[in-house]
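Colleague: Below: one structure in structure tokens.
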Amino acid sequence: MSRTVSLLFGVHAHQPVGNFPEVMEDAHQRCYKPFLETVYRYPDFKFALHASGWLLEWLFTHHPEDMGLLREMAARGQVEFFGAGDMEPVLAVIPYRDRMSQLAAMSDRIEQVFGQRPEGAWLTERVWEATVVPALADSGIRYVMVDDYHFLCAGAEREQLNGYHTTEEDGRRIDVYPISEALRYRLPFSPANEAVAYIESLADDTGDPAAIYFDDIEKFGIWPETYDWVYGRGWLKDFIEGVLASQTIRSTHIRDHHRETRTRGVVYLPTVSYSEMGEWTLPAAAARRYSELVHAAQHEGVLERDRPFIRGGIWKNFLTRYPEANWAHKRMLGLSARLAALPEAQVRQDLVELLHQSQANDAYWHGLFGGIYLPHLRRAIWHAMIQLERRLDGLQPRPSLATVDLDLDGREEVFLSSLALQAVMRPDKDAALIELSSYVLAQNFADTLRRYEEHYHEKAKAGAAALKEHDGEGIASAHDVVRFKHAIKPEDLTPDSRTRGLFAESWTDFEQKLPVEYATTFVQGGAVLCMGEAGKTRVAKVYSVRDNLLSVALKTVGNGRLSTRLNIAMPCCDGPAGRYVVNGADGQPHIPGGFGQSFTWDALADLGMEDHYLGGAIRLRSSIPARIKVQPHYTVSQSEAGFEKIMQAIELTLIWEVDGAFEVNLQLEVAALAR
């Protein structure tokens, strides 16, 4: 028998729920469209495709002609479709019932549109936990793709990883394919002829070895430098022609390889994702230590051998690293449980779809691709959750005041709600609001993000010295290049020491500024009373909600300066549609500027914040005029395009001079703007 190798080539196409239309269109023009047009010209080149449900909907709506090409390739047997959770959840962090409904929604979508029922599944971010096996098997999935790194972490030898293995959990079995890291790093970054030669080198005379590639399609046009390289300079065309001309490589569907070959044996994989994720999910100090271990092994020449045992964290660590992600995740789980508790006759498809959207993975984590740092992605999942909660409340009313430790931090959060508004207070030292959701606008105005220390900030601090250029032939991977979209100052990288919620107080006795630390919370009637102190000065804070009004009363006795800080998430951020409104000396409303600017007003009692992108506004009133300072709150994060500053919220501080007994009443009114 001649030496041959089966090329199992697959691509994963995904855009986050809620992504900007212009980003979607750019991705289509630079990647999805030219990729489909190129592979369409080669009917003998077989490939697998997974596209997330939200992206497929967008493509069919906006570019039906390109979806027509995909349908034709499906009809002629060129493309194999892979299933997954429909809205791209991490299956391991949603309940079994939701895994089943997400998997079924995607398989139904593929079958209805392309006439195939998927046999294989893509795992979001290749996050593997054995607990997902039962839902995958029960939904009709026969095999999934993970990294070869998953197998190496289980002690497998690399030469064993040219076929699929079998695992089981709770009486159900599924087969698991190892994706080649060597191919992931070569395609499309190495010259096409070198990539083809490498695949040929994997052939043997047994007749069934496989070269397994399944990775982000966005590498073929969206990543830096790739559009010109892959299409302008013809990399994809040359690669496909090289594969089809080879006497050694067989272009094979994964389903055919699975049907025609036998399992390589049983395997049990640890809870793991791809190797880069292991570093990303660690807190900064731990990530530095992890990086040191990796570099030490690299220096000693043993990294390739020992990397599976120099393992970082797991995906769920993001829920401990970022309390904002944990809060959204636990709110989603709570809504899932409420939906599951409805009588079957009340469960409608639109409710299930909203739950699925709230489970989209992108806003819950952060690696090379923005994730939780991108306000519009967080807003998309909150938009879905708030709509779902409003509809569930109509079917399953809740009390207007409730306490529950939803985020598992040992403290019971307090929920204050009306038909129009919900405020959630976390009874920690700040006793601040961690959620302020408008049911009319489907917006959580407390959906912001603290400044965190990130391991990669060390590169930002190095500035121009960190810039890296690519050497040799081919192009660089986004993992290896340091770029700067914005100028980064040291103060931009200073981590926050306090919450970025709404209403965190401080007291200044004209010598030192102290945070007001709350120690006691009382729930009385329809209000929440918080008792705290700063040094010897005592402060009381009372929250209440009525209709579309949030009321906050602050009381103290002393001689000094009392301030409270609010971080208000407005969807426009520093865009042109967001603006402040104040009353001028003539008593008429004036617009001093937008949310991306900084202002200070003395003796101001009424401030409007209008967001015409949202179609809503907040009006802040103070019973005692205050000095009000506003400025944008930015964080620094990395993306494939480089380091960037992203506006997360309006940082708004109210300051009063106190001399003796003092009480101020604040109101936040949330309303839709007149159209």
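First residue of the sequence shown? That's 957 in my numbering, and the numbers climb one at a time after it. All C-beta atoms in this analysis are idealised placements derived from N, C-alpha and C, irrespective of residue type, glycine included.
#1: Within 8 Å of any Cβ in chain C, is that where the Cβ of Phe1466 sits?
#2: Measure how close the beta-carbons of Pro1451 and Glu1409 come, nearest whole angstrom, since I'm counting them as under 8 Å.
#3: Can you tell me the Cα-Cα spacing of Glu1067 and Pro1074, whole angstroms?
#4: With a threshold of 6 Å on Cβ separation, who are the neighbours of Phe1016 within its own chain once the five nearest residues in sequence on each side are excluded?
#5: Write down every uninterrupted run of the beta strand (DSSP E) in the segment 1344 to 1403 whose length is 3 residues or greater and which is fully enclosed by it, in chain order.
#6: Would you mind sorting Arg1263 into buried or exposed? The rule is 16 or more other CB atoms within 10 Å of its CB.
#7: Quick one: is Pro1144 buried, meaning 16 or more other Cβ sit within 10 Å of its Cβ, or exposed?
#8: Ignore the nearest five residues each way along the sequence and tell me which others in Arg959's own chain have a CB closer than 8 Å to its CB.
#9: Give me the residue from Ser1207, Glu993, Tyr1120 with the minimum Cα distance to Leu1225.
#10: What are the start and end residues of the alpha helix (DSSP H) that includes Leu1295?
#11: Under three-state DSSP, which class holds Arg1098?
#12: Asp1042 and Gly1009: beta carbons closer than 8 Å?
#13: Quick check: what's the CA-CA separation for Tyr929 versus Thr1182?
#14: Helix, strand or coil for Leu963 per DSSP?
#15: What residue from Thr1237, Asp1562, Phe1195, Ser1229 has the CA that sits closest to Leu1622's CA?
#16: Can you pull the DSSP bridge partners for Trp1557?
#17: Mind checking Ala1420: buried by the 16 CB within 10 Å criterion, or exposed?
#18: What three-state label does DSSP hand Gly1009 in the structure shown?
#19: Excluding sequence positions up to five away, which residues of its chain have a Cβ less than 6 Å from the Cβ of Tyr1052?
#20: Alpha carbon to alpha carbon, what distance is there between Thr1404 and Ala1201?
#21: Buried or exposed, going by whether 16 or more other CB atoms sit within 10 Å of the CB of Ala1031?
#22: Counting along the chain, where does the alpha helix (DSSP H) carrying Glu945 start and finish?
#23: Just to confirm my understanding: we take Gly1318, look at its own chain, exclude 5 residues before and 5 after, and list those with CB closer than 6 Å. What are they?
#24: Does DSSP put His1589 in a helix, in a strand, or in coil?
#25: When you compare only the Cα positions, how much space is there between Ser1247 and Met1233?
#26: Looking at Ala1004: is its Cβ nearer than 8 Å to the Cβ of Glu1028?
#27: Could you check where the beta strand (DSSP E) with Phe1145 kicks off and where it finishes?
#28: Using the Cα positions of Val1308 and Leu1348, report the straight-line distance between them to the nearest angstrom.
#29: Hey, out of Leu1570, Ala1138, Thr1609, whose CA is closest to Leu1518's CA?
#30: Within the continuous alpha helix (DSSP H) that includes Leu1249, where are the two ends?
#31: Candidates Leu1506, Asn1539, Val1370, Ala1388: which alpha carbon is nearest Phe1478's?
#32: Whole angstroms are fine: how far does the CA of Met1288 sit from the CA of Gln1058?
#33: Where does Ser1453 land, buried or exposed, given buried means 16+ other C-beta within 10 angstroms?
#34: Consult DSSP for Val995 and reduce its assignment to one of helix, strand or coil.
#35: Could you tell me whether the segment 1578 to 1593 touches the segment 1459 to 1469, where touching means 3 or more Cβ pairs closer than 8 Å?
#36: Given 8 Å as the limit, is there contact between the segment 1623 to 1630 and the segment 1501 to 1508, that is, 3 or more CB pairs closer than that?
Modeller: Once the coordinates are examined:
#1: In the structure shown, chain C cannot be found, because there is only a single protein chain.
#2: Indexing the sequence shown from 1 puts residue 1451 at position 495. Indexing the sequence shown from 1 puts residue 1409 at position 453. Confirmed, about 5 Å.
#3: Stepping through the sequence shown from its first residue, residue 1067 is reached at position 111. Stepping through the sequence shown from its first residue, residue 1074 is reached at position 118. Annotation: Glu1067 to Pro1074 spans about 8 Å, alpha carbon to alpha carbon.
#4: Sequence index remark: in the sequence shown, residue 1016 carries index 60 (1-based). So the qualifying residues of the chain are Met1023.
#5: Secondary structure remark: continuous beta strand (DSSP E) runs of at least 3 residues inside the segment 1344 to 1403, in chain order: 1357 to 1360, 1369 to 1373, 1377 to 1381, 1389 to 1394.
#6: Within the sequence shown, the letter at position 307 stands for residue 1263. Answer is buried; the Cβ neighbour count reaches 16.
#7: Position 188 of the sequence shown holds residue 1144. Classification for Pro1144: buried.
#8: Locating residue 959 in the sequence shown gives position 3, counting from the first residue. Here Arg959 has Ala1159, Asp1160, Asp1161, Thr1204 as same chain residues with Cβ atoms under 8 Å from its own Cβ, once five neighbours each way along the sequence are excluded.
#9: To locate residue 1225, count along the sequence shown from 1; it is residue 269. Of Ser1207, Glu993, Tyr1120, the smallest CA-CA separation from Leu1225 is found for Tyr1120.
#10: Sequence index remark: in the sequence shown, residue 1295 carries index 339 (1-based). That run of the alpha helix (DSSP H) goes 1279 to 1297.
#11: Here residue 1098 refers to the residue found at position 142 of the sequence shown. In this structure, Arg1098 counts as coil in the three-state DSSP scheme.
#12: Reading the sequence shown from its first residue, position 86 is the one you call residue 1042. Reading the sequence shown from its first residue, position 53 is the one you call residue 1009. Taking C-beta atoms as the reference points, Asp1042 and Gly1009 count as a pair closer than 8 Å.
#13: With the chain represented from 957 up to 1631, any question about residue 929 goes unanswered, as that position is not in the structure.
#14: Here residue 963 refers to the residue found at position 7 of the sequence shown. It is a strand residue.
#15: One-based indexing of the sequence shown puts residue 1622 at position 666. Ranking the options by Cα distance to Leu1622, first place goes to Asp1562.
#16: For this step, residue 1557 is matched to residue 601 along the sequence shown. DSSP lists Ile1584 as partners of Trp1557.
#17: Here residue 1420 corresponds to residue number 464 of the sequence shown, with the count starting at 1. Confidence is the limiting factor: at Ala1420 the pLDDT is only 44, short of 50, which leaves the residue's position unreliable, though a coordinate-based value still follows. When all chains shown are included, Ala1420 counts as exposed.
#18: Taking the sequence shown and counting its residues from 1, the one referred to as residue 1009 is at position 53. Looking at Gly1009 - three-state DSSP - the assignment turns out to be helix.
#19: Taking the first residue of the sequence shown as 1, we reach residue 1052 at position 96. Answer for Tyr1052: Ala1091, listed in chain order.
#20: Walking along the sequence shown from the start, residue 1201 turns up at place 245. Walking along the sequence shown from the start, residue 1404 turns up at place 448. Those two C-alpha atoms are separated by around 53 Å.
#21: The residue labelled residue 1031 in the question sits at position 75 within the sequence shown. So Ala1031 ends up on the exposed side.
#22: In the structure as shown, the chain starts at 957 and stops at 1631, and residue 945 therefore has no counterpart that could be examined.
#23: Against the sequence shown, residue 1318 aligns to sequence position 362. With the sequence shown as reference, residue 1318 is identified as Asp, and Gly is not the correct amino acid for it. Pro972, Gly1327, Leu1333.
#24: Position 633 of the sequence shown, counted from the start, is the residue given in the question as residue 1589. Reduced to three states, the DSSP call for His1589 is strand.
#25: Within the sequence shown, residue 1247 is the residue found at index 291, counting from 1. Within the sequence shown, residue 1233 is the residue found at index 277, counting from 1. When rounded, the distance between both Cα atoms is 12 Å.
#26: As a position in the sequence shown, residue 1004 is number 48, starting the count at 1. As a position in the sequence shown, residue 1028 is number 72, starting the count at 1. Going by C-beta atoms, Ala1004 is not nearer than 8 Å to Glu1028.
#27: The count along the sequence shown starts at 1 and reaches residue 1145 at position 189. Looking at the DSSP string, Phe1145 is not in any beta strand (DSSP E), and its letter there is neither H nor E.
#28: In the sequence shown, residue 1308 corresponds to position 352, counting from 1. In the sequence shown, residue 1348 corresponds to position 392, counting from 1. Rounded to the nearest angstrom, the two C-alpha atoms are 11 Å apart.
#29: Here residue 1518 refers to the residue found at position 562 of the sequence shown. Nearest C-alpha to Leu1518: Thr1609.
#30: Start at 1 with the first residue of the sequence shown, and residue 1249 comes out as number 293. That run of the alpha helix (DSSP H) goes 1240 to 1255.
#31: Here residue 1478 is taken as the residue at index 522 of the sequence shown, counted from 1. Nearest of Leu1506, Asn1539, Val1370, Ala1388 to Phe1478, Cα basis: Val1370.
#32: Residue mapping note: residue 1058 aligns to position 102 of the sequence shown, counting from 1. Residue mapping note: residue 1288 aligns to position 332 of the sequence shown, counting from 1. Roughly 14 Å between the two C-alpha positions.
#33: Counting from one through the sequence shown, the residue named residue 1453 turns up at place 497. Its Cβ having fewer than 16 others within 10 Å, Ser1453 is exposed.
#34: Working through the sequence shown from its first residue, we reach residue 995 at position 39. Val995 falls in the helix class under three-state DSSP.
#35: The segment 1578 to 1593 makes no contact with the segment 1459 to 1469; the number of CB pairs closer than 8 Å stays below 3.
#36: With the cut-off at 8 Å, the segment 1623 to 1630 and the segment 1501 to 1508 touch.
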